[in-house]
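One structure below.
Numbering (UniProt numbering), first residue to last: 1 to 287.
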């Protein structure tokens, strides 16, 4: 059994796109607000700190589990001298692949995660999260090289599924109030999720939302940290990856489902944003 307490106090595990740490030196959030390019899961072991996501401040204390996702504007302040956390961080690419077989990152969930990044403080959370990191580290180090990434993602899916089910059953979701820019952004994201096909550009969605392309671009960028075009690409790639994980689908069928003209155009598009062809991506997946 892998024991995080017996590893180096600075760094527990680091394996390409994934790492487990105890030292704040590796924590990708500072007192200067910046948009996250990684996903983070953490448990507070001691001390306190204030994490701010956009305009929402959350005081973190012992026993709280923290979940942060890419594209959030994050900063940390008021860090006590005894503040210590155990955390993992995952690249944006690995995060997207993890979610590709679970659910699509919906606008409501994205908004919810701005406001509810931490669980209640419970002592039992520490042991559970340490065991979870223990399992991920064991698979990251012990699985055959070709299976390590997928093995860790299978465990990450448990964490994100738990967060998602909590969100779906949280009565506070009904009380979330949106600014006008947030409403426009979430309406845009909803339409992209439902209609993320090639040929639909920013102006198409701006017309649907009865705003100018300039206003839509500004609103989406200020709320999410990603441009409207980047979100269109993100959901298109996420959908393609999700379909590629369905072993029963031929790649030619996927071409039609995502509205590409032919296999060649799909392959060029997918390779441009992922660095691999659809066939290469599928060959990496262990069904």
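Built from N, CA and C at the ideal position, the CB exists for glycine as well.
For residue i, three-class secondary structure by DSSP
i: residue 230; result: helix
i: residue 240; result: helix
i: residue 125; result: helix
i: residue 272; result: helix
i: residue 21; result: strand
i: residue 247; result: coil
i: residue 180; result: helix
i: residue 253; result: helix
i: residue 84; result: strand
i: residue 44; result: strand
i: residue 143; result: coil
i: residue 62; result: coil
i: residue 96; result: helix
i: residue 35; result: strand
i: residue 76; result: strand
i: residue 193; result: helix
Cβ-Cβ distance between residue i and residue j below 8 Å
i: residue 31; j: residue 96; result: no
i: residue 185; j: residue 206; result: no
i: residue 216; j: residue 228; result: yes
i: residue 35; j: residue 94; result: no
i: residue 80; j: residue 48; result: yes
i: residue 20; j: residue 137; result: yes
i: residue 130; j: residue 86; result: yes
i: residue 156; j: residue 69; result: no
Buried versus exposed, by CB contacts within 10 Å (16 or more), residue i
i: residue 59; result: exposed
i: residue 288; result: A query on residue 288 cannot be resolved here, the shown segment of the chain reaching from 1 to 287 and no further.
i: residue 284; result: exposed
i: residue 165; result: exposed
i: residue 9; result: Unreliable placement is indicated for residue 9, whose pLDDT of 41 sits below 50; no coordinate value is reported for it.
i: residue 203; result: exposed
i: residue 116; result: buried
i: residue 256; result: exposed
i: residue 343; result: No statement about residue 343 is possible, as the shown extent of the chain runs from 1 to 287 and does not include it.
i: residue 100; result: buried
i: residue 140; result: buried
i: residue 147; result: exposed
i: residue 128; result: exposed
i: residue 1; result: Unreliable positioning characterises residue 1 in this predicted model, as indicated by a pLDDT of 36, which lies under 50. A coordinate reading is not provided.
Spatial neighbours of residue i in its chain, beta-carbon cut-off 8 Å, leaving aside the 5 residues before and after
i: residue 143; result: 151
i: residue 233; result: 273
i: residue 114; result: 53, 54, 56, 72
i: residue 240; result: 254, 258, 266, 270, 278
i: residue 262; result: 255
i: residue 208; result: 191
i: residue 38; result: 28, 70, 89, 90, 91, 92, 95
i: residue 159; result: 41, 67, 132
i: residue 170; result: 112, 116
i: residue 6; result: At residue 6 the pLDDT is 44, less than 50, meaning the model places this residue with poor confidence and gives no usable figure here.
i: residue 281; result: 241, 244, 270, 274
i: residue 231; result: 188, 189, 192, 220, 224
Nonlocal neighbours in the same chain, by C-beta distance under 6 Å from residue i, ignoring five residues either side
i: residue 72; result: 36, 53
i: residue 226; result: 71
i: residue 83; result: 47, 49
i: residue 213; result: 202, 203, 206
i: residue 74; result: 29, 36, 53
i: residue 251; result: 278
7 Å Cβ shell around residue i - same chain, five flanking residues per side excluded
i: residue 249; result: 243
i: residue 119; result: 64, 65, 125
i: residue 211; result: 184
i: residue 223; result: 181, 182, 185
i: residue 221; result: 227
i: residue 135; result: 155
Proximity test, residue i beta-carbon vs the ligand MN heavy atom, cut-off 7 Å
i: residue 218; result: This structure simply doesn't include the ligand MN, nor any ligand for that matter.
Decide yes or no for the touch test of the segment 63-81 against the segment 38-48: beta carbon pairs closer than 8 Å, at least 3 of them.
yes
Is there contact here, the segment 21-35 with the segment 148-163, by at least three beta-carbon pairs under 8 Å?
no
Is it a yes or a no for the segment 236-245 touching the segment 255-273, going by three-plus beta-carbon pairs under 8 Å?
yes
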